[in-house]
Each structure stands twice: as structure tokens, then as C-alpha cells.
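> Residue numbers 2 to 291, in the numbering used here, belong to the letters of the sequence shown in order.
Note that the Cβ used here is the ideal one computed from N, Cα and C, for glycine as well.
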Amino acid sequence: MLSPLAATVRQVLSGTDDGRSQIVGLIEEPPGAPGWFDPGDAIWTVHGSVATFLGGIRSLLMQTLHPLALAGVDEHSDYREDPFGRLQRTGAFIAATTFGSVGLAERTVAAITAMHDRVTGDVAGKPYSARDPRLLEWVHVALVDSMLSAYLEYGHDGEIDPDAYVADMAVVGGALGVVDPPLTLTALRRSIAGFRGELSGGPRAERMRDFVMSAPLPRSLQPGYGVMARAAMDSLPDWAVVMLGRQPAPPPVQRARAVVADSALRTLSFALVRSPAQAAGERRLAAAAG
């Protein structure tokens, strides 16, 4: 009964009904090659979980709060015309750097860096560049905080050490150009607090909020996505919700939404069985023992 749902989700996330996208094939090669991370690492557990779906929504909302980072996306991205393509490229980046070989991770980072070279502009007299270490840090900490928050609340694939996940992600962030990425949960929170004076809302941020909260998904996925989007918004700090032009929902409402979101994610996990990218990484590493 859940097969059509699983096929639709995989089509949106990877462009194929079975989830075996091009990146999954690349992760499987070359046999036995080590990656930046191993199956026992916290990053494997977090990024192999369906909680990343909610974490991804949360990270987009959070990243929107930096006006220069938002301008880079708004002015240099085709997310409105091709939202699924952008989603699939982001998913491929996370999969390649988490589950892929060292060579694949390095090639993927190099491709992202080359793309960042072209993302420059100006917002009200303030120049921006996607290679700016400060903007890279904001995008990084927003992603790390969101994925970690989502897993700690909704992940059911085993316990993790939050500090270990932050340290794993620092490897990826450092490769992308983040200077001294946080290595612990305490340092992550300190970094986010240090950005407060640079963040703001406004019409552009609210337009992005509306797009993220009402993404143009297939009709069959819209109810479940709405549940996760509302839970993602609830999981943001109150100050971030206010900057996005909303008021935090009352705690009882947030708790009720969290229960529904957890149920939706459990159903999705049952339907998908497991991450094709994670399975591909395990097969590649298993070839070394063979």
C-alpha cells in the first residue's frame, strides 16, 4: 500500500522511482575505497535517517534569515523554475560527502566551489559572494543545527553523540571553505548566537518562507509535507520565527504537531525501508573485506 508513496518520494528526491540516481552509482565505486566517514560515525546515522527531510526544511528557513545569503539564492538560483532539481542536487551533495569515497567527496566539493565562484552581487550597497567565509559559515551552521535538531527530536536509528555529529560536519564545512567550523554543540550554538546581529526578515525572507512552507510538490505528498514544514517552523528558535514574520505557536499546538510529524516520518521510514545512498556506501566498503 505504501509503494506508490515511496516511489513518488524517491522521484522527487532523486529523479528515479527506485532511488538509484546517478549519485548512488557513484557512491558504490570504486570497490573498497574509504570515504571521509565510516558507518559507525554520527554523520552516517543522521544523514541516513528520514529526519533529514524535516531538517532540510528547517535549514532552508533558517538560512533565509541572512539577507546576503538569501540574495545569493534568490538572484542566482533557479529554485522557482526547478525546485526538484535544486533539491536533488542538494541531496546529492550531502550523500556524496557523507557516504561516498574520498575521491567522490573531493570532486563534489570542487564542483560546489566552482559554482560559488559565480555567485556574487550587491544588496543595498553591501557586496556579497558565495565564497565569503562568513556566509559559508552561516549556511554551514544553519544546516548542522537543523539536521542535528531534527534527528534528536525525530530520529529513531540509534543514539548519537551531538558533539561527534558537529565534528563530522566540520570536515565537510572546512573543505567548502568555512574557517574554523564549530567542533562541538556548544561551539555551534555560540556561532549561531554570534550571527544574530546580521540576521533580519523582511519581504524577501517572507517570500522565501512562503515558498518553502508551500513547496510545489505532487498532490499526494502535500499533506505530509505540510505536517513536516509546520513542525520544522516550530523547531526554530522563537526569535527566528518572529524574523520570518510569524508568531511562535503555543506549546500545546507545537507538541501536537510534533506527534503528527513523528508519525508521518515513521510511516515514510517504513515505506522507504532505507537510504539508497547509505546502502551504496556500505556495499562499497564491504568490497574491501571481500
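#1: Which residue's Cα is closest to the Cα of G33: M234, G101 and M63?
#2: Taking all protein chains shown into account, decide if G36 is buried (16 or more other Cβ within 10 angstroms of its Cβ) or exposed.
#3: In the DSSP assignment, find the alpha helix (DSSP H) that holds G56 and state where it starts and stops.
#4: Skipping 5 residues on each side, what residues in its chain have a beta carbon closer than 7 Å to that of I193?
#5: A52 to Q255, Cα distance in whole Å?
#6: Quick one, which of R132, H157 and E29 has its alpha-carbon nearest G104's?
#7: In terms of DSSP beta bridges, what is P128 paired with?
#8: Taking the straight line between their C-alpha atoms, what separation do you get for L27 and L186?
#9: Which residues in the same chain as S60 place their Cβ atom closer than 6 Å to its Cβ, once the five residues preceding and following it in sequence are excluded?
#10: For M244 versus L66, is the C-beta distance shorter than 7 Å?
#11: With DSSP as the reference, identify every bridge partner of G101, one or two as the case may be.
#12: Are D169 and I44 close, meaning C-beta to C-beta below 7 Å?
#13: Roughly how many whole angstroms lie between the Cα atoms of I58 and A288?
#14: Could you spell out where the alpha helix (DSSP H) holding W240 opens and where it closes?
#15: Ignore the nearest five residues each way along the sequence and tell me which others in V124's own chain have a CB closer than 7 Å to its CB.
#16: Report the option in R258, T114 and M63 whose CA atom is closest to the CA atom of R197.
#17: Return helix, strand or coil for G41, following the three-state DSSP convention.
In brief:
#1: Against the sequence shown, residue 33 aligns to sequence position 32. Nearest to G33 by C-alpha distance, out of M234, G101 and M63, is G101.
#2: For this step, residue 36 is matched to residue 35 along the sequence shown. Answer is buried; the Cβ neighbour count reaches 16.
#3: Translated into positions along the sequence shown, residue 56 becomes position 55. Start and end: A52 to Q64.
#4: The residue you call residue 193 lines up with position 192 of the sequence shown. For I193, where only same-chain residues beyond five positions count, the Cβ hits under 7 Å are V142 and D146.
#5: Locating residue 52 in the sequence shown gives position 51, where the first residue counts as 1. Locating residue 255 in the sequence shown gives position 254, where the first residue counts as 1. About 17 Å.
#6: Residue mapping note: residue 104 aligns to position 103 of the sequence shown, counting from 1. The shortest CA-to-CA distance from G104 to any of R132, H157 and E29 is the one to E29.
#7: Residue numbering aside, residue 128 sits at position 127 when the sequence shown is read from its first letter. Looking at the DSSP assignment, P128 forms a beta bridge with D123.
#8: Taking the first residue of the sequence shown as 1, we reach residue 27 at position 26. Taking the first residue of the sequence shown as 1, we reach residue 186 at position 185. Distance between the alpha carbons of L27 and L186 is about 32 Å.
#9: Your numbering for residue 60 matches position 59 in the sequence shown. Beyond the five residues adjoining it in sequence on each side, S60 comes within less than 6 Å, by CB distance, of A143, L144 and S147 in the same chain, given in chain order.
#10: As a working mapping, residue 244 is identified with position 243 in the sequence shown. As a working mapping, residue 66 is identified with position 65 in the sequence shown. Yes, these two residues count as a Cβ contact at 7 Å.
#11: Reading the sequence shown from its first residue, position 100 is the one you call residue 101. G101 is bridged by DSSP to nothing; it lacks a bridge partner.
#12: Counting from one through the sequence shown, the residue named residue 169 turns up at place 168. Counting from one through the sequence shown, the residue named residue 44 turns up at place 43. Result yes, Cβ atoms of D169 and I44 sit closer than 7 Å.
#13: Stepping through the sequence shown from its first residue, residue 58 is reached at position 57. Stepping through the sequence shown from its first residue, residue 288 is reached at position 287. Those two C-alpha atoms are separated by around 35 Å.
#14: Indexing the sequence shown from 1 puts residue 240 at position 239. Where W240 is concerned, the enclosing alpha helix (DSSP H) stretches over D239 to M244.
#15: Indexing the sequence shown from 1 puts residue 124 at position 123. Setting aside the 5 residues that flank it on each side, V124 is surrounded in the same chain by P68, L69 and A72, each with a C-beta closer than 7 Å to its C-beta; the list follows chain order.
#16: Residue numbering aside, residue 197 sits at position 196 when the sequence shown is read from its first letter. Between R197 and the set R258, T114 and M63, the nearest pair of CA atoms involves M63.
#17: Locating residue 41 in the sequence shown gives position 40, counting from the first residue. Looking at G41 - three-state DSSP - the assignment turns out to be coil, as it is neither helix nor strand.
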